[in-house]
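When we follow the working numbering, the leftmost residue of the sequence shown carries the number 3, and every step to the right adds one.
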Amino acid sequence: MISNYFKLAVRNLFKRKGYSVLNILGLAIGMTCCLLIFQYVSYEKSYDQFSEKQKQIVRLRLDSYQQGVLAWQSAVVYPAIGPTLKKDYPEVEDFCRLLPNNLILTNTKTNVKFRETQGYFADPSAIKMLGVQLLNGDPDKALNEPDNMIISETMSKKYFGNAEAMGKQLRIPGRDRSYQVSGVFKDHPHNSHLRINYLCSYATLVSQLKANGDTSNRAETSFGWYDFYTYLQLKPGIEGKELASKLPAFCDRYMNNDERNKANNLKYTLSLIPLSDIHLYSNYKYEAGVNGNGRAVRFMFLIGFIIMAIAWVNYINLSTARSVERGKEVGVRKVLGAGKAQLIRQFLLESLLLNLVALLIACCAFYMLVPTFNSLMGREEPARFAMSNAYLVLFTGLFAAGTLLSGLYPAFVISGYKPVSVLKGAFKNTSKGLLLRKGLIIGQFGISVLLIAGTIIVFRQVNFMRHQDLGFNINQTLVLDGSETVSDSAYMNTYQPFKEELLKQTGIQGVAASTNVPGQEIFWTTGIKRMNPANAESVILHHLGVDYDFIPQFQVKMIAGRNFSKDFSTDENAAILNETAVSALGFKDPAEAMGQKLIRRRDTITIIGIVQSFHHQGLQKAIDPQVILLVPDSRNSYSIKLSSADIPKTIATVQNIWNKYFPDDPFNYFFLDDFYNQQYKADQRFGKVFTLFAMLAILIGCLGLLGLSSYNILQRTKEIGIRKVLGASTQKVVYILAKDFLVVVLIAFVVAVPFTWWLMHNWLHEFAYRINIDWWIFLIAGAISIAIALITISFQAIKAAIANPVKSLRTE
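This is the structure:
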């Protein structure tokens, strides 16, 4: 019997080739999209799952309140917090701290030299806690001693080739210091919120500070130096909320009762973030890297379900659209003794067969498209298939449930036809069935309106951020990583001749040095307060150190006062504020702030100028209150303004001059506009992927509308013939046939608009600077939906309208 069902199913698929292709195409597109999305979601959810103890590990977050208002939330905390928590609370089994440690390293024997940026000073416990897998070295001893470091496999090959790296030295050029390789670890997984190429022993940091005159051992005892990522390993069976309930008392005891914090009305709180949540749900200040977006991942996951649902709805519509055609078949088979259960089994087998064919095509398409999709999403993982077992099981379950449910409705509807009515030609569609199908189309086109309007809003927001006036000019700006090898005493005597020689080149307009360039997050922060009134409270300001040429070269607008000048020796103790800092310090306007004195730690500085607040970082973030200080010997970054059209030649010239003055420093550069715009890459990628799946969902929805329209036209064949005989024009017939569907699309539009507005309004709230959702966006989305519906319907409607009415009247 089953083999008979199978033969009948295959014959029916081949008998109605167009219908079968339409169904298979819709299902295959939906399944391919779902597989791609599930793999993406699976990967995003897999971050930091490789650590054996990841469920026990949390990271600390520090929140600062000024005058009772949340000022900032930071991914880094004070170095004393980790050891103090372990000492005070038995729930804490272990801790580790990471402090970013950028280095220039060289293998003096081979003269291999690179600037390294993905490494940290780390406690010995970091190896086991963070899942660092040592291939060589003892994990219990590798980071115990000063000047020890462990490096990745890739880094080992970069400096030592195929030779053994263990015990070898990597020297810091220009400094009397070198590191001994005490371990080599397997390249850290891409799906980690940390990018780790090397770890230096925490004891090295302690010894370096001691050598520089630190007598307070602040790397262990400080409750004011918040640059340290701190992870806690909780004891088995302990939940984070148990420890979290005790953290307010801890903060009061060690931070909030400090006299200076009390005087400035500053209060701090600590929170715990599970290790597995950091990538998607931690986007605070000073993150170790660019994390993902949990809301975007959830939204993509939802789109995967929606696209599959649309595809199966289409199957239902297309199946029932041809139900009249199969009515006689059902009638004859019932007269010959076929029972309803047998017919249901046959139609379910047809559904399964069709879905399996679509699944096979989808798997082939998925396998071929994964590399392109990964590239589109900015994923580094090259694997073609990296879906976790949980999501594979979820997709399998979804496929089974969808296949069954989408096959059941047509099976019950078609198998329930009364043979007498069908064979007499008296079979008509039920109003209940038509209402259900129209409801499904309303849902499909409501989603289409949402996706079209969402696509417009996403691209308008990204375009707004990329083309908004930033408050400075970054065009034609080449940025060099500053020198780290020249000693402090010799630096100015090296940098000034370097700068002067650059300025002599015809393709260079200006050179400026600074501690940060636009697009880089500023870690240098300090509490500053007004000298008058005496009871003024401290405000955390972000510090930017610049030379005399930075402000004019970047065309930052001065709205009061002046720039730093060599004519004023007192400018070493001067400050320039942005407008946000003026407001934060309580000044009514820039004019009131001019000439006022500020207390910064033990120093007194004078405000000599106010600049217009500029977007030092992307428009996703609010402008921080900023103080600009004169640091003429800044060596972090050199910004070179280019005027030459021959950029490669100018870069080659700059490199030659660099090698002349800084021979021990690698020549690293980037263009500032490209670097700055990288902040928008994640949003651009989201926009592209959103658009791609929106188009595919709309395409699948059109197939459903095509099915319903063809079904309706088939039911009204005689009506069309009568109207034609009575003189109705082709245009009138097309209007009559299309009218009902346009009403359905308009209903979908009305239903979708408020939900779309709410959804996109919440998405836009992630951005500090954002567009307004204008009414015309929904009109465009509605007009596009109606146009798509008209195009889809018109083909079938015109075909029916121009048909010979005699043939239409003969139709049974």
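Idealized CB from N, CA, C, for every residue including glycine.
Is it buried or exposed for residue 35, if we count other Cβ within 10 angstroms and need 16 for buried?
Answer is buried; the Cβ neighbour count reaches 16.
Residue ranges of each beta strand (DSSP E) within the stretch 488–562, 3 or longer
Every beta strand (DSSP E) of 3 residues or more that sits fully in the stretch 488–562 is shown, in chain order, as 510–516, 527–532 and 541–548.
Going by C-alpha distance, which of 703, 756 and 461 is nearest residue 310?
It is 703.
With a floor of 3 residues, list each beta strand (DSSP E) that falls wholly inside the stretch 220–271, ordered by position along the chain.
Counting whole runs of 3 or more residues, the stretch 220–271 contains the beta strand (DSSP E) stretches 231–236.
Within the continuous beta strand (DSSP E) that includes residue 663, where are the two ends?
Not the beta strand (DSSP E): residue 663 falls in the alpha helix (DSSP H), residues 649–663.
On the CB-based measure, 16 or more other CB atoms within 10 Å of its CB, does residue 657 come out buried or exposed?
That one is exposed.
Quick check on DSSP: helix, strand or coil for residue 483?
Correct three-state label for residue 483: strand.
Applying the 10 Å Cβ sphere with the 16-neighbour rule, what's the burial state of residue 795?
Buried, since its Cβ has 16 or more Cβ neighbours within 10 Å.
Can you find the residues in the same chain that come closer than 6 Å, C-beta to C-beta, to residue 221, ignoring five residues on each side of it along the sequence?
Excluding positions up to five away in sequence, the list reads 81, 207, 208 and 211.
Quick check on the burial criterion: 16 or more other C-beta atoms within 10 angstroms. Buried or exposed for residue 299?
Under this definition residue 299 is a buried residue.
Could you tell me the distance, in whole angstroms, from the CA atom of residue 104 to the CA atom of residue 483?
Distance between the alpha carbons of residue 104 and residue 483: 11 Å.
Just to confirm the assignment, what range does the beta strand (DSSP E) spanning residue 198 have?
Neither: residue 198 is in no beta strand (DSSP E) and is coded neither H nor E.
Provide the residue span of the beta strand (DSSP E) that contains residue 590, from first to last.
First-last for residue 590: undefined, no H or E at that position.
Excluding the 5 residues preceding and the 5 following residue 257 in the sequence, name in chain order all residues of the same chain whose CB lies nearer than 6 Å to its CB.
Result list for residue 257: 225 and 270, in chain order.
Identified DSSP bridge partners for residue 2
With the chain covering only 3 through 814, there is no way to say anything about residue 2.
Take residue 747 and list the residues in its own chain whose beta-carbon comes closer than 7 Å to its own, dropping the five residues that flank it on each side.
Annotation for residue 747: 447, 787, 788 and 791 place their beta carbon closer than 7 Å to its own, counting only its chain and skipping 5 residues before and after.
Helix, strand or coil at residue 641 according to DSSP, with G and I counted as helix
In the displayed model, residue 641 falls within a strand according to three-state DSSP.
With 16 other CB atoms within 10 Å as the buried threshold, where does residue 469 fall?
In summary, residue 469 is exposed, with fewer than 16 beta-carbon neighbours lying within 10 Å of its beta-carbon over all protein chains present.
Tell me which residue opens and which closes the beta strand (DSSP E) that residue 151 is part of.
Going by DSSP, residue 151 is part of the beta strand (DSSP E) stretching over 150–154.
Host beta strand (DSSP E) of residue 671 (start-end)
Residues 671–673.
DSSP puts residue 121 in a beta bridge; with which residues?
According to DSSP, which records beta bridges pairwise, residue 121 is partnered with 200.
Under 7 Å Cβ to Cβ from residue 668, same chain only, skipping five residues before and after it: list those, please.
Only residues of its own chain outside the window of five on either side were considered, and among them 106, 115, 116 and 117 have a CB closer than 7 Å to the CB of residue 668, listed in chain order.
Which value, in whole angstroms, describes the spacing of the CA atoms of residue 215 and residue 205?
One alpha carbon belongs to residue 215, the other to residue 205, and they sit about 16 Å apart.
According to the neighbour-count rule (16 or more other Cβ atoms, all chains shown, within 10 Å of its Cβ), is residue 619 buried or exposed?
The residue in question, residue 619, is buried, as its Cβ has 16 or more Cβ neighbours within 10 Å.
Would DSSP call residue 703 helix, strand or coil?
Assigned with DSSP and collapsed to three states, residue 703 falls in helix.
Name the residue from 474, 784 and 515 whose alpha carbon lies nearest to the alpha carbon of residue 494.
The shortest CA-to-CA distance from residue 494 to any of 474, 784 and 515 is the one to 515.
If you follow the alpha helix (DSSP H) that residue 283 is part of, which residue opens it and which one closes it?
Segment 280–283, the alpha helix (DSSP H) holding residue 283.
Distance check for residue 588 and residue 595, CA to CA, integer angstroms please.
Approximately 9 Å, taken between the alpha carbons.
By how many angstroms is the C-alpha of residue 139 removed from the C-alpha of residue 174?
Straight-line Cα distance between these residues: approximately 22 Å.
Alpha-carbon to alpha-carbon, residue 56 and residue 263
Here the alpha carbons of residue 56 and residue 263 stand approximately 35 Å from one another.
My assumption, with CB atoms under 8 Å, is that residue 123 sits in contact with residue 101. Please give the rounded CB distance.
Right, the Cβ-Cβ distance comes to about 4 Å (below 8 Å), so this counts as a contact.
Could you tell me the distance, in whole angstroms, from the CA atom of residue 625 to the CA atom of residue 544?
Each residue's Cα considered, the two are about 10 Å apart.
Residues bridged to residue 816 (per DSSP):
What is shown of the chain runs 3 to 814, which leaves residue 816 out entirely.
If you draw a straight line from the C-alpha of residue 22 to the C-alpha of residue 379, how long is it?
One alpha carbon belongs to residue 22, the other to residue 379, and they sit about 33 Å apart.
From residue 571 to residue 600, what distance separates their C-alpha atoms?
Pairing residue 571 with residue 600, the inter-Cα distance amounts to about 18 Å.
Do residue 156 and residue 189 have their C-beta atoms closer together than 8 Å?
The Cβ atoms of residue 156 and residue 189 lie closer than 8 Å to each other.
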